[in-house]
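A quick write-up on the structure given underneath.
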Amino acid sequence: WLRGPFGAAVGFVAPSLRGITPSLVGFRSHADMWALDPSRLELPADASRWEYGSLHFGAALGLAEAIEELNAWPAGAEGVWRHSRALADLIIHGALDLGLEIISPMAEAERSAIVALRLPENVCAAQTAKALLEQHGLLVSSRAGMLRVSPHVENSADDVDRLLAALGELFSETRQPACAAVTCTTKPTPFSADSNGQFLPVMPMPRMGTWAYEA
Numbered sequence: 154w155l156r157g158p159f160g161a162a163v164g165f166v167a168p169s170l171r172g173i174t175p176s177l178v179g180f181r182s183h184a185d186m187w188a189l190d191p192s193r194l195e196l197p198a199d200a201s202r203w204e205y206g207s208l209h210f211g212a213a214l215g216l217a218e219a220i221e222e223l224n225a226w227p228a229g230a231e232g233v234w235r236h237s238r239a240l241a242d243l244i245i246h247g248a249l250d251l252g253l254e255i256i257s258p259m260a261e262a263e264r265s266a267i268v269a270l271r272l273p274e275n276v277c278a279a280q281t282a283k284a285l286l287e288q289h290g291l292l293v294s295s296r297a298g299m300l301r302v303s304p305h306v307e308n309s310a311d312d313v314d315r316l317l318a319a320l321g322e323l324f325s326e327t328r329q330p331a332c333a334a335v336t337c338t339t340k341p342t343p344f345s346a347d348s349n350g351q352f353l354p355v356m357p358m359p360r361m362g363t364w365a366y367e368a
């Protein structure tokens with residue numbers, strides 16, 4: 154995770170693919186985009202041939218700054234990975250102690266810092282995410298009836314302890330018979346709860362342009 158603003162990404166195009174014709178073209182697809190001659194299409198020789206429209210410059214600048222911050226982290230990207238992975242391991246061990254099922258891949262080659270948890274029966278993942286945010290200031294998300302936890306460089310082992318303690322507290326409450334009728338819908342509203350209690354604390358990701366580089 155690069156932690157940049159929504160709407161920006163980094164794409165790598167192998168030199169061997171430089172001759173591929175883009176499926177979408179626009180005024181930025183031309184080698185000289187200011188030569189406004191509609192009778193010609195001269196694609197750039199580099200990866201900018203895929204930058205067919207106006208770019209989201211604000212998001213690109215934010216992404217560049219986010220990458221600089223990650224590179225400044227001790228040991229760079231590898232250090233970020235080790236830190237996030239260690240927190241994910243703490244979440245997994247704590248979740249297992251709570252009797253939760255780990256849905257995320259556990260094979261070493263498939264691991265990431267994302268941890269997906271299947272909650273106990275009758276416990277709504279959407280309402281759990283909502284309660285964690287409103288009552289404990291912890292931001293996780295509800296995905297397909299599961300709870301997704303994604304630690305990163307801003308998080309610490311103390312945050313994991315807070316999360317596990319909050320989950321234990323919430324589960325002791327929601328296992329009461331009164332919650333047996335709780336159901337989750339499949340169409341959440343970001344940052345709000347609908348009439349059925351569905352909640353997803355994740356902002357939508359609008360597509361606002363592309364940003365391609367070539368090494």
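One gets the working numbering by counting positions in the sequence shown from 1 and adding 153 to each.
Glycine included, C-beta positions come from ideal geometry on N, C-alpha and C.
Because the structure is a prediction, the values reported are computed rather than measured.
The three-state reading of DSSP puts I220 in helix, counting H, G and I together. Here the C-alpha atom of D199 lies approximately 11 Å from the C-alpha atom of S182. In the three-state reduction of the DSSP assignment, R238 falls in the helix class. If you check the CB distance, R271 and I256 come in under 8 Å. The stretch 218-226 and the stretch 164-181 do not touch, with fewer than three beta-carbon pairs separated by less than 8 Å. The DSSP-derived three-state label of F159 is coil.
A direct Cα-to-Cα measurement between H305 and G164 gives close to 22 Å. Around R156, the same chain offers A219 as residues with beta carbons nearer than 6 Å, after the five sequence neighbours per side are excluded. If you compare the alpha carbons of E287, D185, Q288 and R301 with that of A266, the shortest gap goes to R301. Annotation for I244: V268, V302 and V313 place their beta carbon closer than 6 Å to its own, counting only its chain and skipping 5 residues before and after.
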